[in-house]
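Per this note's numbering, the very first residue in the sequence shown carries number 162; after that it's consecutive. A virtual CB, placed ideally from N, CA and C, is assigned to each residue, including glycine.
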Amino acid sequence: MKLKKQVTVCGAAIFCVAVFSLYLMLDRVQHDPARHQSGGNFPRSQISVLQNRIEQLEQLLEENHEIISHIKDSVLELTAHAEGQPALPPHTPNVSWVLPPESRPSFLSVSPQDCQFALGGKGQSPDLQMLAIYSLLPFDNQDGGVWKQGFDITYEPNEWDTEPLQVFVVPHSHNDPGWIKTFDKYYYDQTQHILNSMVLKMQEDPRRRFIWSEISFFSKWWDNISAQKRAAVRRLVGNGQLEMVTGGWVMPDEANSHYFAMIDQLIEGHQWLEKNIGVTPRSGWAVDPFGHSSTMPYLLKRSNLTGMLIQRVHYAIKKHFAATQNLEFMWRQTWDPDASTDIFCHMMPFYSYDVPHTCGPDPKICCQFDFKRLPGGRINCPWKVPPRAITDSNVAERAQLLLDQYRKKSKLYRSKVLLVPLGDDFRYDKPQEWDAQFLNYQRLFDFLNSQPNLHVQVQFGTLSDYFDALYKRLGIVPGMKPPGFPVLSGDFFSYADREDHYWTGYYTSRPFYKSLDRVLEAHLRGAEILFSLALAHARRAGADGKYPLSDYALLSNARRNLGLFQHHDAITGTAKEAVAVDYGVRLLHSLTNLKRVIINAAHYLVLGNKETYHHDPAAPFLGMDDTRPGQDSLPEKTVVKLDTSPRFLVVFNPLEQERLSVVPVLVDSPHVQVLSEEGQPLPVQLSAHWGSATDMVPDVYQVSVLARLPALGLRVLQLHRSLDGRPVASTRLYLHGRDVSVRRQEPVPLHVFPATTDDFCLENQHLRACFSGSSGLLQSVRRAGEEREQRVSSEFLVYGTRTSKDKSGAYLFLPDGEAKPYAPKEPPVVRVTEGPLFSEVASYYQHVQTVMRLYNVPGVEGLSLDVSCVVDIRDHVNKELALRFTTDIESDDAFFTDLNGFQIQPRRYQRKLPLQANFYPMPAMAYIQDTQSRLTLHTAQALGVSSLGSGQLEVILDRRLMQDDNRGLGQGLKDNKRTCNRFRLLLERRTTASKSSGFFSKLTSMFKALGFPGARTGSPEVQDGHPISFPSLLSHITSMHLNAEALVMPVAQEKPVPPALRSFAPLSNTLPCDFHILNLRTLQAEQDDSLPSAEAALILHRKGFDCSLEAKNLGFNCTTSQGKLALGSLFRGLELGSLQPTSLTLMYPLSMASNSTNIHLDPMEISTFRIRLG
């Protein structure tokens, strides 16, 4: 023991010396007088000296980083043997609880090069930066004449004499996988007829073309057609008549969807296409998502697509881009230093993707060329001029009228190649429509093409036909930047289609299902990883014959149900009530099945003796952590029944980092002790299980256990009945004068106070949070080691809707002015619980119950406030409930929201726009900051967010609206559920603000002084030229903790003495903490797609992070490696049989640098590897 202490002290001393020498070295470089000569204008001779200096410095930094890493490893080895759980916290007389310092040290060892990425400044600035364009535009909505939201377009008749106009008319049918009807109903009523007619009608004339996007529908149809019809489809695809565009399972919403699910539905579609038709999509087609995220171009580019099309963009931006001929551009990611993320994007210029708004600027004329609307049909033209069938006698006049529209539209673009979509929702479902459109258009084309004086060539085409012709005209190959075209970065939220009708309501609509979506996503990722690991271990042991391979079909079905829900009328909350129920049933069905997959994999992996493994579907070895009685119910946690023999629990940690977590378990007795698998007692806290504000549930107790969980691993715990005293949380209940009965239960101490209390505070070793006695809501937060309380107050607010004809609905947010304070009929019941592992404040209002919890735990869990809101507004009429945090952070008009949980987009509160225009999607987080601090609101479900004033952050929790908002749904939002919204509130200090110049701030200022652009402090990330921002490492990990909760599975009680169980830790090395294993997805077998193959897709994401925020006491070993990872030795007990880098969706193999299993990822990069484990 003495030796161990000596070596540890020795190691720590070397560590300190290394860090101190690095510090001095930086200090020397910083105070070098040579650098301050002549205001930074260096003589040439000194530039080379400076260059050498920088190179030496980089080398020294690298060497020091290696030394630190070695010391870290040595100290870890020494302390690993001494690993014990933190002892029970001593209970001090003033009822605050103190946890002893961690028995294991934790490291933050971040390579300085890894910090430079977030400083930005590399690469050229884009020509078009969306944040800057928003600041520039007047948004004045002037009447543009026939093109109401645009302007009058003129041209000279001889403009095409030297270079003729080449027009591609692209027939399409937009099929929503659920909206007014359910997915199945749409399929049986319309989609199957569209596809059947397509096969028939396309074969009649080889000049015909058609594009299709939604593979969910296409695969269902494929399963129901003959081999002969399948062969015909393959021929049509092969000869270029039919193109599969984007090729995802659905055309996903881009606001609320999380990047895991966006990628997963893209893989599902692409894998299906490759296996069944042998085709890889080349172009993206997104005509209906309500605003566009810059995550999508990144994913399409990584999947090897070379062009994409978007449609729903704010009408003022469309007008501006049309006026400047910027409707086609290279879309680049904000962080991209070398144009490697560029993809060519075409933006449609007009109001809609229907025929009246796609041939040219005048819908009255274009409607006359939608031949489904010929007189006698079911639909007509609202402009009162019907189409006329094309005959020899009228073809010249009709063709001239149409060409005029084509020419005007082409004036908005830079090339003489023109794209004209021809279609609408569920079009071409009858043979008559195919004939009407294709025959009449062919007559027009034949006439136009026969008149050389018109200088036009018109034909049917696919989307890629258009892009190919455009590239050919410009003399480039697909994927290259066309000369003279602009580069754009940023996104296209929020969307308005007319007037002040902003589509910002759907960021929150139906939050119950937005939450269920993320629960299913977390379960799918966990099930994929555990299934892949269990199968690899079973194969290695030769036991795959005993393993339930049928679980693969459950995984496949869950992928498809999660994929279906990413559709832009599903996760958005914009479908009919019955359709929402259909989605809910599918999600719940898959959630239940995924719990079975996880249970079966965990069962195999924790068995000490794998020979004893026996899968019995009727009697699962493990129970589920919770159950949901119906698709609209909140989960009910499983109660573990204790008896004389010990009960075992298996706890799954879906994170790729080890975590120290408080794991809650419901038991039927207060006399409980929790032991590790080796029999060591673990710290616990016993508290009541509350059924309501004042009722303890009889004979149910919550025991919360502090447990260290292995990365992606399974930890075995034992529950024993024990009469020894447990640390019991004490509870105070403030009734605020309300006459309510209280149901108590021994032995949980409860003190009831009829009146209101003064303000009070809770604290742990990292934070002190103070609350209002009357409301129970947060007032302020103080970080450990700081004198000043930071104002962070929370309040509930209510938005109404307008009294005029246009009111809020499922899509639109049209408030009747600023929010008013939420005024419940009665004051809240406030319940304060204090205990050794966590303390919390619960406030029960009429429509919302909020719990703010502070974990008294070293590390990530204890560094932020856990916030949950159970919302029930079923008695409201046309109201929306918001939660607002108000702080003294001087954020001005700047705030930051994430896009798809993948990247951060800086935002500006635009005073020139209405209130509703300033809301943005928040799938994972939003933050405000100044030079001193940053406040991040992390969320476990997508909701709408804004910052309407300096220091404010507000989120819409739920909306109940009694009317339709005239966007085709025909319903309001009246099917609200009791919904639980979960958050983490993280207050961080910026190191640049601290008095003692820290290591990273020294580094930042050094880079700045050396003339690196973009080494900024404070909040000037919202400089319009190059806006870029990243969360800190702590923020990333906090988000992961919130979104990937540990799963607790009790070993079934009926079993006789359970076999020996062992914890399972799959990773042999700690993963760098900027790496995220997005998925480990077993691929389907060649012959039978319901069975697994021996290969899996390993999808990794290296996160970009900001080093300028203080990173102390993370509680786990956080190191970065400049993007290097040794995959060969990553999985303990498994060999990496093969490793093939591929495009994102596995369509294209990429070349390996060598045969090595060491890989490298750049910051923000998502990479897929086809691997074989065994």
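Distance, residue j Cα to residue i Cα
{"i": "alanine 699", "j": "tyrosine 1081", "result": "46 Å"}
{"i": "glycine 339", "j": "aspartate 350", "result": "12 Å"}
{"i": "arginine 473", "j": "serine 513", "result": "8 Å"}
{"i": "aspartate 553", "j": "arginine 604", "result": "9 Å"}
{"i": "histidine 1321", "j": "glycine 399", "result": "37 Å"}
{"i": "serine 1269", "j": "serine 272", "result": "13 Å"}
{"i": "glutamate 1296", "j": "arginine 671", "result": "45 Å"}
{"i": "tyrosine 1088", "j": "glutamate 1149", "result": "11 Å"}
{"i": "alanine 945", "j": "glutamine 926", "result": "7 Å"}
{"i": "phenylalanine 344", "j": "methionine 412", "result": "14 Å"}
{"i": "leucine 725", "j": "aspartate 743", "result": "11 Å"}
Option in the options with minimal Cα separation from residue i
{"i": "alanine 731", "options": "Ser794, Pro273, Leu752, Lys675", "result": "Lys675"}
{"i": "alanine 416", "options": "Gly1105, Arg1151, Ile1198, Ala1207", "result": "Gly1105"}
{"i": "alanine 695", "options": "Cys1268, Met1325, Phe1225", "result": "Phe1225"}
{"i": "aspartate 425", "options": "Ala872, Arg905, Leu716", "result": "Leu716"}
{"i": "asparagine 1137", "options": "Pro1075, Ser1200, Pro796, Arg1035", "result": "Arg1035"}
{"i": "glutamate 924", "options": "Gln1010, Tyr895, Leu1026", "result": "Leu1026"}
{"i": "tryptophan 595", "options": "Tyr1016, Gly1062, Met363", "result": "Met363"}
{"i": "arginine 808", "options": "Val1031, Val638, Pro1219, Glu979", "result": "Pro1219"}
{"i": "arginine 747", "options": "Tyr765, Arg720, Met412, Met1201", "result": "Arg720"}
{"i": "asparagine 137", "options": "Asn1316, Ala560, Gly1265, Gly840", "result": "This structure gives no information on residue 137, because the portion of the chain shown stretches from 162 to 1335."}
{"i": "glycine 461", "options": "Glu1271, Gly640, Tyr960", "result": "The sequence as given places leucine at residue 461; glycine does not occur at that position. Here the closest residue by C-alpha is Gly640."}
{"i": "leucine 1098", "options": "Leu1114, Ser1251, Ala697", "result": "Leu1114"}
{"i": "threonine 669", "options": "Gln1102, Phe511, Arg1331", "result": "Gln1102"}
{"i": "lysine 570", "options": "Thr1281, Gly311, Cys1234", "result": "Gly311"}
{"i": "valine 1021", "options": "Asn770, Val953, Ile1198", "result": "Ile1198"}
Segment limits, alpha helix (DSSP H) that includes residue i
{"i": "alanine 557", "result": "556-571"}
{"i": "histidine 927", "result": "Neither: histidine 927 is in no alpha helix (DSSP H) and is coded neither H nor E."}
{"i": "proline 592", "result": "592-610"}
{"i": "arginine 463", "result": "456-463"}
{"i": "glutamine 792", "result": "Looking at the DSSP string, glutamine 792 is not in any alpha helix (DSSP H), and its letter there is neither H nor E."}
{"i": "histidine 750", "result": "738-767"}
{"i": "phenylalanine 673", "result": "672-701"}
{"i": "leucine 1195", "result": "1194-1204"}
{"i": "aspartate 1036", "result": "Looking at the DSSP string, aspartate 1036 is not in any alpha helix (DSSP H), and its letter there is neither H nor E."}
Distance between beta carbons of residue j and residue i, contact taken as under 8 Å
{"i": "alanine 477", "j": "leucine 298", "result": "5 Å"}
{"i": "valine 942", "j": "leucine 1044", "result": "That belief does not hold up - the Cβ atoms of valine 942 and leucine 1044 are roughly 16 Å apart, past 8 Å."}
{"i": "serine 358", "j": "tyrosine 667", "result": "With a Cβ gap of about 33 Å, serine 358 and tyrosine 667 do not count as contacting."}
{"i": "leucine 1203", "j": "arginine 1143", "result": "7 Å"}
{"i": "leucine 1241", "j": "alanine 1257", "result": "6 Å"}
{"i": "isoleucine 428", "j": "threonine 1306", "result": "5 Å"}
{"i": "valine 1209", "j": "phenylalanine 782", "result": "15 Å between Cβ atoms; not a contact."}
{"i": "phenylalanine 957", "j": "valine 1009", "result": "6 Å"}
Range covered by the beta strand (DSSP E) that runs through residue i
{"i": "glutamate 1115", "result": "1113-1121"}
{"i": "lysine 1095", "result": "In the sequence on display, residue 1095 carries arginine and not lysine. Segment 1094-1100, the beta strand (DSSP E) holding arginine 1095."}
{"i": "proline 582", "result": "578-586"}
Contact between the stretch 687-695 and the stretch 521-535: three or more CB pairs below 8 Å? No, the stretch 687-695 is not in contact with the stretch 521-535.
Q. Per the contact definition of three or more C-beta pairs closer than 8 Å, is the stretch 994-1004 in contact with the stretch 1066-1075?
A. no
Using 8 Å as the threshold, is the stretch 825-841 in touch with the stretch 794-807, meaning 3 or more CB pairs across them? yes
Are the stretch 623-641 and the stretch 699-708 touching, with three or more C-beta to C-beta distances below 8 Å?
-> no
Give a yes or no on contact between the stretch 732-744 and the stretch 410-425, applying the rule of three or more CB pairs nearer than 8 Å.
-> yes
Given 8 Å, three or more beta-carbon pairs between the stretch 452-468 and the stretch 484-494 | Yes, since at least three Cβ pairs between the stretch 452-468 and the stretch 484-494 fall closer than 8 Å, the two stretches touch.
* To do: Report yes or no: do three or more beta-carbon pairs, one from the stretch 744-755 and one from the stretch 1286-1304, lie closer than 8 Å?
  => no
For the stretch 999-1016 and the stretch 931-945, state whether three or more C-beta atom pairs, one from each stretch, are separated by less than 8 Å. Here the stretch 999-1016 makes contact with the stretch 931-945; the two share three or more CB pairs at distances below 8 Å.
| Per the contact definition of three or more C-beta pairs closer than 8 Å, is the stretch 855-870 in contact with the stretch 967-975? | Touching, no, given that fewer than three Cβ pairs across the two stretches are closer than 8 Å.
Using 8 Å as the threshold, is the stretch 600-619 in touch with the stretch 317-332, meaning 3 or more CB pairs across them? yes
Check: Three or more beta-carbon pairs under 8 Å between the stretch 884-893 and the stretch 971-980, yes or no?
Finding: no
Evaluate contact between the stretch 830-839 and the stretch 789-798, counting only Cβ atoms and requiring at least three cross-stretch pairs below 8 Å.
-> No: the two stretches stay apart, fewer than three of their Cβ pairs being nearer than 8 Å.
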